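In the working numbering, the protein residues as written are 230 to 421.
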(Lines of atoms letter the chains of each structure in order from A; the text may use other names.)
(Lines give C-alpha, C1' and ligand atoms only; values in the text may rest on other atoms or scores of the structure.)
Protein backbone atom coordinates (compact mmCIF):
# COMPACT_ATOMS: atom_id res chain seq x y z
CA UNK A 230 0.00 0.00 0.00
CA UNK A 231 1.15 3.50 -0.63
CA UNK A 232 1.96 5.64 2.37
CA UNK A 233 0.71 9.21 2.75
CA UNK A 234 3.30 11.61 1.46
CA UNK A 235 5.22 8.86 -0.35
CA UNK A 236 4.33 10.26 -3.75
CA UNK A 237 3.23 6.81 -4.89
CA UNK A 238 -0.08 6.64 -6.68
CA UNK A 239 -2.62 4.62 -4.67
CA UNK A 240 -3.42 1.19 -6.08
CA UNK A 241 -7.10 1.15 -6.96
CA UNK A 242 -8.73 -2.16 -7.83
CA UNK A 243 -11.87 -2.28 -9.96
CA UNK A 244 -14.92 -4.22 -8.83
CA UNK A 245 -17.80 -4.92 -11.20
CA UNK A 246 -21.01 -6.20 -9.64
CA UNK A 247 -22.83 -8.33 -12.22
CA UNK A 248 -24.54 -11.09 -10.23
CA UNK A 249 -28.23 -10.17 -10.27
CA UNK A 250 -31.00 -12.05 -12.05
CA UNK A 251 -32.38 -8.87 -13.66
CA UNK A 252 -35.98 -9.81 -12.86
CA UNK A 253 -37.43 -6.50 -14.09
CA UNK A 254 -35.22 -6.63 -17.17
CA UNK A 255 -36.27 -10.20 -17.94
CA UNK A 256 -32.78 -11.75 -17.82
CA UNK A 257 -29.44 -11.28 -16.03
CA UNK A 258 -27.98 -7.94 -17.04
CA UNK A 259 -24.53 -9.55 -17.32
CA UNK A 260 -25.95 -11.17 -20.49
CA UNK A 261 -27.34 -7.97 -22.05
CA UNK A 262 -25.57 -6.86 -25.22
CA UNK A 263 -21.91 -5.99 -24.47
CA UNK A 264 -22.54 -4.47 -21.04
CA UNK A 265 -20.25 -6.80 -19.10
CA UNK A 266 -17.12 -6.56 -21.29
CA UNK A 267 -17.70 -2.84 -21.79
CA UNK A 268 -17.82 -2.26 -18.01
CA UNK A 269 -14.63 -4.29 -17.53
CA UNK A 270 -12.84 -2.23 -20.18
CA UNK A 271 -14.10 1.01 -18.59
CA UNK A 272 -12.51 -0.05 -15.29
CA UNK A 273 -9.25 -1.13 -16.95
CA UNK A 274 -8.97 1.88 -19.25
CA UNK A 275 -9.91 4.19 -16.36
CA UNK A 276 -6.84 3.05 -14.41
CA UNK A 277 -8.11 0.28 -12.12
CA UNK A 278 -5.98 -2.81 -11.60
CA UNK A 279 -6.69 -5.55 -10.99
CA UNK A 280 -10.32 -5.89 -12.03
CA UNK A 281 -12.64 -8.37 -10.28
CA UNK A 282 -16.07 -9.33 -11.63
CA UNK A 283 -18.73 -10.78 -9.34
CA UNK A 284 -21.20 -13.12 -11.03
CA UNK A 285 -24.22 -15.03 -9.75
CA UNK A 286 -27.27 -15.64 -11.94
CA UNK A 287 -26.29 -17.49 -15.14
CA UNK A 288 -22.68 -17.41 -13.94
CA UNK A 289 -21.40 -19.98 -16.44
CA UNK A 290 -22.89 -18.14 -19.42
CA UNK A 291 -21.77 -14.75 -18.11
CA UNK A 292 -18.23 -16.00 -17.40
CA UNK A 293 -17.76 -16.55 -21.13
CA UNK A 294 -18.25 -12.79 -21.64
CA UNK A 295 -15.56 -11.75 -19.16
CA UNK A 296 -12.38 -10.55 -20.91
CA UNK A 297 -9.13 -12.44 -20.34
CA UNK A 298 -7.01 -11.47 -17.36
CA UNK A 299 -9.95 -10.60 -15.12
CA UNK A 300 -10.63 -12.45 -11.89
CA UNK A 301 -14.14 -13.85 -11.61
CA UNK A 302 -15.81 -14.72 -8.31
CA UNK A 303 -19.27 -16.20 -7.94
CA UNK A 304 -21.35 -14.83 -5.09
CA UNK A 305 -22.94 -17.99 -3.73
CA UNK A 306 -25.68 -15.98 -2.00
CA UNK A 307 -26.28 -13.71 -5.00
CA UNK A 308 -30.07 -14.14 -4.82
CA UNK A 309 -29.98 -12.37 -1.42
CA UNK A 310 -29.25 -9.10 -3.22
CA UNK A 311 -26.42 -6.71 -3.96
CA UNK A 312 -25.01 -7.07 -0.44
CA UNK A 313 -23.88 -10.66 -1.10
CA UNK A 314 -22.17 -9.58 -4.32
CA UNK A 315 -20.36 -6.70 -2.65
CA UNK A 316 -19.17 -8.92 0.22
CA UNK A 317 -17.88 -11.56 -2.22
CA UNK A 318 -16.12 -8.90 -4.28
CA UNK A 319 -14.45 -7.22 -1.31
CA UNK A 320 -13.20 -10.61 -0.08
CA UNK A 321 -11.59 -11.26 -3.48
CA UNK A 322 -9.57 -8.03 -3.65
CA UNK A 323 -5.79 -8.09 -3.36
CA UNK A 324 -4.17 -7.34 -0.01
CA UNK A 325 -2.10 -4.52 -1.49
CA UNK A 326 -5.01 -2.47 -2.87
CA UNK A 327 -5.43 0.93 -1.21
CA UNK A 328 -8.96 1.38 -2.52
CA UNK A 329 -11.58 -0.16 -4.78
CA UNK A 330 -13.75 1.48 -7.38
CA UNK A 331 -17.14 -0.29 -7.45
CA UNK A 332 -19.43 -0.09 -10.45
CA UNK A 333 -22.52 -1.89 -11.72
CA UNK A 334 -23.03 -3.84 -14.94
CA UNK A 335 -26.34 -2.05 -15.58
CA UNK A 336 -24.93 1.47 -15.96
CA UNK A 337 -23.87 1.00 -19.58
CA UNK A 338 -22.93 4.60 -20.40
CA UNK A 339 -20.39 4.82 -17.56
CA UNK A 340 -17.12 4.71 -19.45
CA UNK A 341 -13.38 5.00 -18.80
CA UNK A 342 -13.58 8.80 -18.56
CA UNK A 343 -16.02 8.55 -15.64
CA UNK A 344 -13.93 5.83 -13.98
CA UNK A 345 -10.73 7.88 -14.35
CA UNK A 346 -12.37 11.00 -12.93
CA UNK A 347 -13.65 9.22 -9.82
CA UNK A 348 -10.42 7.20 -9.50
CA UNK A 349 -8.44 10.46 -9.46
CA UNK A 350 -9.91 11.09 -5.99
CA UNK A 351 -8.05 8.08 -4.56
CA UNK A 352 -5.89 9.46 -1.78
CA UNK A 353 -5.17 6.22 0.03
CA UNK A 354 -6.99 3.86 2.33
CA UNK A 355 -9.28 6.43 3.97
CA UNK A 356 -10.84 8.07 0.90
CA UNK A 357 -14.49 7.94 -0.13
CA UNK A 358 -15.81 9.35 -3.40
CA UNK A 359 -18.67 8.72 -5.75
CA UNK A 360 -19.83 9.85 -9.14
CA UNK A 361 -22.66 12.34 -9.32
CA UNK A 362 -24.81 13.11 -12.34
CA UNK A 363 -26.39 16.55 -12.21
CA UNK A 364 -25.85 16.43 -8.44
CA UNK A 365 -27.54 13.01 -8.11
CA UNK A 366 -25.27 10.39 -6.47
CA UNK A 367 -24.51 7.30 -8.54
CA UNK A 368 -21.80 4.83 -9.54
CA UNK A 369 -18.92 4.25 -9.59
CA UNK A 370 -18.11 4.54 -5.90
CA UNK A 371 -14.55 4.70 -4.56
CA UNK A 372 -14.02 3.00 -1.19
CA UNK A 373 -10.71 3.32 0.62
CA UNK A 374 -9.53 0.10 2.29
CA UNK A 375 -10.11 1.47 5.79
CA UNK A 376 -13.86 1.46 5.06
CA UNK A 377 -14.05 -2.13 3.76
CA UNK A 378 -14.81 -3.81 7.12
CA UNK A 379 -17.77 -1.48 7.75
CA UNK A 380 -19.01 -1.85 4.17
CA UNK A 381 -18.71 -5.65 4.43
CA UNK A 382 -20.67 -5.66 7.71
CA UNK A 383 -23.43 -3.43 6.34
CA UNK A 384 -23.79 -5.14 2.95
CA UNK A 385 -26.98 -7.11 3.58
CA UNK A 386 -29.87 -7.76 1.21
CA UNK A 387 -29.95 -4.98 -1.36
CA UNK A 388 -27.87 -2.67 0.81
CA UNK A 389 -24.34 -2.07 -0.36
CA UNK A 390 -22.16 0.72 1.00
CA UNK A 391 -25.12 3.05 1.62
CA UNK A 392 -24.76 3.23 5.41
CA UNK A 393 -21.02 3.92 5.28
CA UNK A 394 -21.49 6.59 2.64
CA UNK A 395 -24.31 8.24 4.62
CA UNK A 396 -22.21 8.42 7.79
CA UNK A 397 -19.01 9.81 6.29
CA UNK A 398 -17.70 12.69 4.27
CA UNK A 399 -17.85 11.60 0.64
CA UNK A 400 -16.35 13.54 -2.24
CA UNK A 401 -19.01 14.03 -4.92
CA UNK A 402 -17.39 13.85 -8.34
CA UNK A 403 -19.62 15.48 -10.93
CA UNK A 404 -19.68 13.36 -14.10
CA UNK A 405 -22.91 14.55 -15.72
CA UNK A 406 -20.90 16.08 -18.55
CA UNK A 407 -19.59 12.58 -19.42
CA UNK A 408 -22.55 10.22 -18.90
CA UNK A 409 -26.06 9.91 -17.52
CA UNK A 410 -25.10 7.21 -15.00
CA UNK A 411 -28.60 5.75 -15.40
CA UNK A 412 -29.11 2.32 -13.86
CA UNK A 413 -31.07 0.46 -16.56
CA UNK A 414 -33.71 -1.72 -14.88
CA UNK A 415 -36.04 -2.47 -17.79
CA UNK A 416 -35.48 -3.27 -21.46
CA UNK A 417 -36.24 -0.56 -23.99
CA UNK A 418 -39.80 -0.60 -25.27
CA UNK A 419 -40.55 -0.68 -28.94
CA UNK A 420 -42.93 1.93 -30.24
CA UNK A 421 -45.57 0.80 -32.72
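We put the CB at the ideal spot given by N, CA and C, even for glycine.
These numbers were taken from a predicted model, which means no experiment stands behind them.
Check, Outcome
"Pairing CB atoms from the stretch 248-266 with CB atoms from the stretch 278-289, are three or more of them under 8 Å?", "yes"
"Should the stretch 384-394 be called in touch with the stretch 307-315, which here means at least 3 C-beta pairs below 8 Å?", "yes"
"One question on the structure: do residue 404 and residue 360 come within less than 8 Å of each other, judged by their Cβ atoms?", "yes"
"So, does the stretch 349-368 touch the stretch 285-303, judging by three or more C-beta pairs under 8 Å?", "no"
"For the putative contact between residue 333 and residue 412, defined by C-beta atoms under 8 Å, what is the C-beta separation to the nearest angstrom?", "6 Å"
"If you reduce the DSSP assignment to three classes, tell me which class residue 315 lands in.", "helix"
"Output yes or no for whether 8 Å exceeds the beta carbon distance between residue 495 and residue 348.", "Here the chain has residues from 230 to 421 only, and residue 495 is not among them."
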